[in-house]
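Note sheet for the following structure.
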Amino acid sequence: MDRREMIKELSLGLGLSISVPSLLLTMQACQNQESTVGGQLLSTSQLNLLGDLGEFILPRTNTPGAADLNLHNFVLKMLEGVYDEEGQRDFISGLEDFQARCKNKYGKVFSDCDEQQKSEFLQNQEKMSPKLMGNVWGSSVGPETKPDFYRQAKSLFLLGYFSSEEIGRNHLNYVPVPGKFEGCIDYSGQKIDAL
């Protein structure tokens, strides 16, 4: 084998060793991934409970409510994509405990309660659940406690609400690039900035 032929074969081997795994990874990435929305992580009744809870926390007024924005699906996507398995289990057990406490108190599930009962129950949850501690530049202010189900769900609903395109573009003052700094400006009742 002469030098020229050996260089040709080595470059071909090197090219194949680099391109074949890349091609396989590309083909794997193109496969359809099945969604678990409403299927495996949460049952239909749990997803419906989440929807009812979100609609009561953020009802439709002159702005869209949680149901209009499908925030229960946003919460589900956050559970699937962001929470680890332990966090998912804690959230789901908190959801089931929430339903059980409502059933103990009123003899029916949250969805079947009237507006007064839902309001009373959620006000009680608001009082019982520990407040989330604030932070300054990433450092916690005060003792760090693990948020309970109600605080987690409420935080996720609010995150989904204020980060939705509908609210950001049509109900808040959407300014993607805020422009120059003006330290003292007149306020004439305009909408607050979305970003």
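Taking this note's numbering, the leading residue of the sequence shown gets 33, the next gets one more, and so forth. Even glycine gets a Cβ: it sits at the ideal position worked out from N, Cα and C.
Residues bridged to residue i (per DSSP)
| i | result |
| --- | --- |
| N167 | S172 |
Residue i burial status per 10 Å Cβ neighbour count (16 or more: buried)
| i | result |
| --- | --- |
| Q184 | buried |
| G119 | exposed |
| G83 | buried |
| G86 | buried |
| L164 | exposed |
| K186 | buried |
Cβ-Cβ separation, residue j to residue i (assumed contact under 8 Å), whole Å
| i | j | result |
| --- | --- | --- |
| Y182 | Q157 | 4 Å |
| F142 | L81 | 6 Å |
| L111 | Q78 | Between Q78 and L111 the Cβ distance is about 11 Å, and since that is not below 8 Å, they are no contact. |
| H203 | T76 | So it is not a contact: roughly 30 Å between Cβ atoms. |
Euclidean distance between Cα positions of residue i and residue j
| i | j | result |
| --- | --- | --- |
| S161 | K212 | 42 Å |
| L191 | S220 | 27 Å |
| L188 | Q222 | 27 Å |
| L74 | G215 | 48 Å |
| R133 | S171 | 34 Å |
| R36 | I50 | 21 Å |
| F130 | N136 | 10 Å |
| Q65 | G97 | Legend: pLDDT at Q65 = 45, less than 50; position of this residue unreliable, value from coordinates given subsequently. Distance between the alpha carbons of Q65 and G97 is about 30 Å. |
| S125 | D116 | 14 Å |
| F153 | K159 | 10 Å |
| D218 | Q72 | 52 Å |
| Y206 | Y138 | 43 Å |
| D180 | R201 | 32 Å |
| V69 | V114 | Only weak support is given to the placement of V69: the predicted model assigns it a pLDDT of 42, under 50, and the value that follows is read from those uncertain coordinates. Straight-line Cα distance between these residues: approximately 15 Å. |
| C145 | I89 | 15 Å |
| N167 | Q155 | 25 Å |
| L101 | K40 | 60 Å |
| T93 | A99 | 12 Å |
| W169 | S151 | 35 Å |
Contact test: residue i Cβ vs the ligand ZN heavy atom, cutoff 7 Å
| i | result |
| --- | --- |
| K140 | With respect to the ligand ZN, the structure offers nothing, as it holds no ligand at all. |
May I ask you to verify whether the segment 36 to 45 touches the segment 99 to 108, counting CB pairs closer than 8 Å and requiring at least 3? no
Check whether the segment 194 to 205 touches the segment 171 to 179, taking contact to mean three or more Cβ pairs, one atom from each stretch, closer than 8 Å. no
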